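> In the working numbering, the protein residues as written are 916 to 1060. The beta carbon of each residue, even a glycine, is placed where N, CA and C say it ideally should be. Values in this document were obtained by computation on a predicted structure and should not be read as measured data.
(1) For residue 1028 and residue 1057, which I take to be in contact (beta-carbon distance under 8 angstroms), what is that distance rounded to the nearest angstrom?
(2) Please name the residue, chosen from 1020, 1037 and 999, that lies closest to residue 944 on a Cα-to-Cα basis.
(3) Secondary structure at residue 1003, three-state DSSP: helix, strand or coil?
(4) Have a look at residue 972 and residue 1001 and give me their C-alpha separation to the nearest angstrom.
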């Protein structure tokens, strides 16, 4: 019997036992696998508010990640490394955008890839994409790189 004919609970049942351990490990690949399993279980139907839910989940994750940081340590690190990090980010952005122009790459794609490389990877790309009105396929390609 094909996988799509089983109920959502049956399709995701294999996650019930190891899920607490997997959540404890916090591996992003696990999130990708769980998301893929859930996506397949909806039989290809796109939830109308999935974009809004994804944006809210990303914002919540960034806030929760920030709450884990010790303010005193954060101030010390900022004082020690802010100039170096700023230079690195600006140089990486400039080199990435220049390479995109030299390779005749789509400017939006170059912006996504350069900013993702310079700052924080997928989180930056996902945050920047709606701001610069990037098409979903460009965002997907940038995320996979």
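Put simply:
(1) 5 angstroms
(2) Nearest C-alpha to residue 944: 1037.
(3) Reduced to three states, the DSSP call for residue 1003 is helix.
(4) 28 angstroms
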